[in-house]
Amino acid sequence: MTRPAKARPPARQRLLDAAARVFARDGLTGATTRAIAREAGVNEVTLFRLFQSKERLLDAVVGQNFGLPAAQARSFLPRPTGDLRTDLAAHARSYDKLLQANLPLIRAMIGEIHHHGDHERQVFKAIFRPLREALIARLDSAVTARALPRDVNPIILADLFNGMIFTGVLRRASAHVQREYPAAAYRAAAVDLLLRGSAGAA
Numbered sequence: 001m002t003r004p005a006k007a008r009p010p011a012r013q014r015l016l017d018a019a020a021r022v023f024a025r026d027g028l029t030g031a032t033t034r035a036i037a038r039e040a041g042v043n044e045v046t047l048f049r050l051f052q053s054k055e056r057l058l059d060a061v062v063g064q065n066f067g068l069p070a071a072q073a074r075s076f077l078p079r080p081t082g083d084l085r086t087d088l089a090a091h092a093r094s095y096d097k098l099l100q101a102n103l104p105l106i107r108a109m110i111g112e113i114h115h116h117g118d119h120e121r122q123v124f125k126a127i128f129r130p131l132r133e134a135l136i137a138r139l140d141s142a143v144t145a146r147a148l149p150r151d152v153n154p155i156i157l158a159d160l161f162n163g164m165i166f167t168g169v170l171r172r173a174s175a176h177v178q179r180e181y182p183a184a185a186y187r188a189a190a191v192d193l194l195l196r197g198s199a200g201a202a
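Using my numbering, you'd call the opening residue of the sequence shown number 1 and step up by one each time.
Put into C-alpha cells, the structure is as follows:
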C-alpha cells in the first residue's frame with residue numbers, strides 16, 4: 001500500500017521559509033528576490049504578488065520567526081510563576097532557544113543593519129521586542145512587590161540580562177571558542193548575577 005503524497009506547503013509559506021534561508025546565507029543586501037523564488041520553487045511573479053517587495057518579505061520573515069503570536073505559540077514567553085529566580089531562568093532558556101534557532105538570520109542582520117535605512121532597523125528591533133518587553137514587565141512587577149529594590153531600573157536590568165544571554169549564545173556558536181562550561185551553568189550564573197547585583201543596589 002502506497003502512502004499518499006505529502007502535500008507541499010502553500011507558496012506563501014515556502015517563500016517565507018526560503019527567504020529565511022537565503023537572507024541568512026547571502027545577507028540582506030546579497031539576497032535577491034530571484035534567488036528566494038528559486039529556493040522556494042516558485043516564480044518571481046508569485047513572490048511579488050504575495051509580498052510586493054523584498055522589504056515586505058523581510059518583514060514577514062521576521063514576523064514569522066520572532067513575532068509575538070509565533071513566540072507565544074512556541075512558548076517563548078513563559079508565564080510568571082511568582083518566583084523571580086524561576087521566571088528569570090525560564091526567560092533565559094526561552095531567549096537562548098530563540099537565538100539558537102535563528103542565529104544565522106540574526107547574524108546576517110547584525111552584520112548589515114548599519115548599511116540599511118530605518119525600515120530595516122525597525123525590523124531588527126522587532127526581533128527582540130517581545131521577550132524584552134515581557135522581561136521588563138516581570139522585573140517591574142518584582143520591584144513593585146519588593147522582590148527587587150525600588151531604586152533599580154527594570155529596563156536597564158532587562159537589557160543587561162538579555163545581553164548576557166545573547167553573548168553566551170554567540171560564544172557557544174563560535175567554532176574557535178573552547179566550551180568550558182555547560183550552557184545551563186552559564187544561564188544560572190547570569191540569573192544569580194542579576195539577583196545578587198540588584199540586591200547589592202539597595
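Ideal Cβ positions, reconstructed from N, Cα and C, are used throughout, including at glycine.
Considering Cα atoms alone, identify which of the options is closest to residue i.
i      : options                          : result
ARG132 : LEU103, TYR95, ARG150 and ALA147 : TYR95
GLY163 : THR32, VAL143 and HIS91          : HIS91
ARG8   : GLY27, ASP26 and GLY41           : GLY41
LEU139 : VAL191, VAL45, ALA158 and GLN178 : ALA158
LEU105 : ASP59, PHE161 and ARG79          : ASP59
ILE156 : SER198, LEU50, TYR181 and ALA183 : SER198
VAL62  : ARG150, GLU44, LEU88 and ALA20   : ALA20
GLN13  : GLN64, VAL22 and ASN43           : GLN64
MET109 : GLY82, THR29 and ALA190          : THR29
LEU99  : GLY27, GLY168, VAL191 and ALA11  : GLY168
According to DSSP, is residue i helix, strand or coil?
i      : result
GLN178 : coil
ASN102 : coil
ARG74  : Residue placement at ARG74 is flagged as unreliable, the pLDDT there being 45, under the threshold of 50; a coordinate-derived value is accordingly withheld.
ASP192 : helix
PRO69  : With a pLDDT of only 49 at PRO69, under the threshold of 50, the placement of this residue in the model should not be trusted; the figure read from the coordinates follows. Three-state result, PRO69: helix.
ALA158 : helix
ARG85  : helix
LEU148 : coil
ARG129 : helix
ARG79  : coil
ALA202 : Because ALA202 sits at a pLDDT of 47, beneath the cut-off of 50, its placement in the model cannot be relied upon, and the following sentence gives the value as read from the coordinates. Coil.
State the CB to CB distance for the pair residue i and residue j, rounded to an integer number of angstroms; the pair is presumed to be in contact (CB under 8 Å).
i      : j      : result
ALA142 : LEU84  : 5 Å
ARG172 : ALA183 : 6 Å
PRO154 : ILE165 : About 16 Å; that fails the 8 Å criterion.
Exercise. Can you give, in chain order, each stretch of the alpha helix (DSSP H) that sits fully within the segment 5-60 and has at least 4 residues?
Worked result: If we require 4 residues or more, the alpha helix (DSSP H) runs fully inside the segment 5-60 come out as 11-30, 33-40 and 44-51.
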